[in-house]
Amino acid sequence: MSMPTARFPSQPAEHVSRELAEILAIYERLYPARHLNFYLYEGDNPVWCEPTIIEGEFVPGPEHLSPEYLGHLACPGKDDAAPPVTIMLSVPRAPDPREASQTEPDWKPVRLLRMIYFLNPLIYEQIRHMAEMMRKWRRDRGRDMVALARGHGTPLMTGPGPQANGRPAILIGMHWLELGGAENLAFDCIGWALEAGLRVFVIAAVPSLQRLAGRLPQDADIRFIRLDRYLPHHLWPRFVERLVQGENIRLVHIHHCAPLYRALPYLRARAPWVRVIDSTHIVEYADGGYPRISGTWSNFIDTHHVISNDLIRFYQDRFHAAGKLALGRMLDRSQLAQPLVPMTMRAGKKSLHFAFVGRFYYQKRPIVLIAILRALMRWARRGGVELRATVMGEGPFRAAMCRLLRRYGLAERVEIRSARMPVFELLEEADILLLPSSNEGLALVCYEAVRHGCIPISTRVGAQDELLPEGLLLPLSPFATVRAAVRLVDRLWRDGDFLARQVAELNAAWTRLGDDPTAREVLMPVYLSAASTGQERRRA
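Next comes the structure, spelled out in structure tokens:
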């Protein structure tokens, strides 16, 4: 193997060495017997390496030795007759401090509607909401929600079985390692898989800094493979199959990982013994989101783990997948056994503290949140109530939110905190959690709010009504959301009996959901079975 013939002028050697080690590990597994020729370039992207793969002979031209060219790295194959593969890629640079906190560009209103946004942001939100409802209407009328047919073959043509290379393992595919409810469950699953005795391989679909990678357990039995960074999606099926064969992977668990779904036909044909499960959370309005993708691939999946009854109905009605559905709530049995923290909200309080916890993306409708806070500030001034709010999160809407807070004179009353701070501390301080989302599954933060004594108020979306009583749900249309939020807060503040009923119904719903299986109770037996089956085959 020859080392690069050029120096890396602007990146630390440690960073470059780490990148090269990841690149080599991926492509040597993908092409184990080939001659590998890497042409490396200095990248200007902190998350993606822009790879080009050429299988066969390749003669570089002058354009391939551009000013960004760093060098050539050759990895010989098993013998001289091995066919060559050329991989050209840019070595991603280290992120700058701003990118380390947010890689997406700041959100801006659509150009054609920018003037409307500056005149009245809520009218802009209303137009966007109407467009989204139109997409939902088209989605519901569409006929593309059909499970792909699959033949299961014949025992007469069974190929070789699994190779027991090391202890049994699981492959967990995530959307990305960033803040989110689906990601929280995936991290829990990684811990449960380790506890079950499985080695764990983690991959992510979306190129990102993967800021939560530090949450992965520091354990020799876990490895995060940066396919998101170094491998185009069309090569994932071949890589996943080689990983499965080479690492004794018995179980694949998909958490909102689109390219891993697309790898299933190749995997089912080449490694049919592998069990496949997935977990889904939310039906997106535009096209159904991951439950639609999951349902489309249902015949290639053994078990659909879902977090709500709303999703059970979706799979049954759309994909007739009743026989493979498993409800597992995103609740912890030990937390369910603990008494709930008493609600801090009291009728007639002279000071109220509102909270918001979530990503600053359109799904959470941060612009509508600011409109609600503005209307509540007016209400508070009329009633002689001191009102403050704490908004916790990160994302591309942050700058727009800060500008609106200054525009409405709310900057001193509304604090924006980093998402890295403990959520429970905020919820135990706050009286009311606001969640004016355009769409949800069953928001994890609402569970946390009930646990920590904070009343959640949410739009009527997804499965929110499985936890929140009728009295705490808001209409979805932005203007109606703002008006209803103020009326609801006013009633909670003025009417002690109404407040007591909402608290009692929240507590009853918490108890009712606690009677359902938890995600751990549904998934842990699957993990234990994969671990024990692999060990038994190995001993045999």
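Going by the working numbering, the sequence shown opens with residue 777, and the numbers climb by one from there. A virtual CB, placed ideally from N, CA and C, is assigned to each residue, including glycine. Note that the structure is a prediction, hence the values are computed from the model and not measured.
- Look at S1055 here: in three-state DSSP terms it is strand.
- Secondary structure note for P1232: it is in no alpha helix (DSSP H), and the uninterrupted beta strand (DSSP E) holding it is I1231 to T1235.
- Taking C-beta atoms under 8 Å as the contact rule, V823 and P881 fail to qualify, at a distance of about 13 Å.
- When secondary structure is reduced to three states using DSSP, S1213 falls in the coil class, being assigned neither helix nor strand.
- Residue pairing by DSSP places E1060 opposite G1064 in a beta bridge.
- In the DSSP assignment, E1162 forms a beta bridge with S1127.
- Around the Cβ of F814, a 10 Å sphere holds 16 or more other Cβ atoms; the residue is buried.
- The bridge partners DSSP lists for N813 are A850 and T862.
- Excluding residues up to 5 positions away in sequence, H1129 and R1189 lie with their Cβ nearer than 7 Å to the Cβ of R1164 in the same chain.
- Going by C-alpha positions, M1300 is about 33 Å away from S1194.
- Where V1117 is concerned, there is no enclosing alpha helix (DSSP H), because DSSP gives it neither an H nor an E.
- I830 is bridged by DSSP to T862.
- Contact between L865 and E826 holds: their C-beta atoms lie close to 6 Å from each other, under 8 Å.
- Cβ-Cβ separation between A945 and L974: approximately 6 Å, consistent with a contact (criterion under 8 Å).
- In this model, I1208 and W1269 are separated by some 11 Å (Cα to Cα).
- For F977, the enclosing beta strand (DSSP E) stretches over residues R975 to A980.
- In the structure shown, the three-state DSSP call for R869 is coil.
- When secondary structure is reduced to three states using DSSP, R1026 falls in the strand class.
- Rounded to the nearest angstrom, the gap between the Cα atoms of F1173 and R1122 is 32 Å.
- In its chain, beyond the 5 residues on either side, T1235, R1236, T1257 and A1260 have a beta carbon closer than 8 Å to the beta carbon of P1251.
- The C-beta distance from H1080 to L1107 rounds to 19 Å, too long to fall under 8 Å, and the pair is not in contact.
- In the displayed model, A1187 falls within coil according to three-state DSSP, outside both helix and strand.
- With contacts defined as CB atoms closer than 8 Å, A981 and G949 qualify as a contacting pair.
- The straight-line gap separating the alpha-carbon atoms of S1074 and L1036 is approximately 13 Å.
- Exclusion of the five residues before and after E1205 leaves H1129 as the residues of its chain whose Cβ lies within less than 7 Å of its Cβ.
- For A1045, the enclosing alpha helix (DSSP H) covers residues L1040 to R1046.
- With fewer than 16 neighbouring CB atoms inside 10 Å of its own CB, I830 falls in the exposed class.
- Note on geometry: alpha-carbon atoms of A1284 and L1112 lie some 12 Å from one another.
- Taking a C-beta distance under 8 Å as the contact criterion, S984 and E959 do not qualify as a contact pair.
- Take W1286, set aside five residues on each side of it, and the residues of its chain with a beta-carbon closer than 6 Å to its own are V1226, in chain order.
- In the three-state reduction of the DSSP assignment, R926 falls in the coil class.
- In terms of Cβ geometry, C1222 and P1212 do not form a close pair [threshold 8 Å].
- Three or more beta-carbon pairs separated by less than 8 Å are not found between the region 923-930 and the region 991-1006, which leaves the two stretches without contact.
- The three-state reading of DSSP puts Y845 in strand, counting E and B together.
- For M1106, there is no enclosing beta strand (DSSP E), as DSSP marks it with neither H nor E.
- Excluding its 5 nearest sequence neighbours in each direction, E1242 has C-beta neighbours in its own chain below 8 Å: S1084, N1085, D1086, L1218, A1285 and L1289, listed in chain order.
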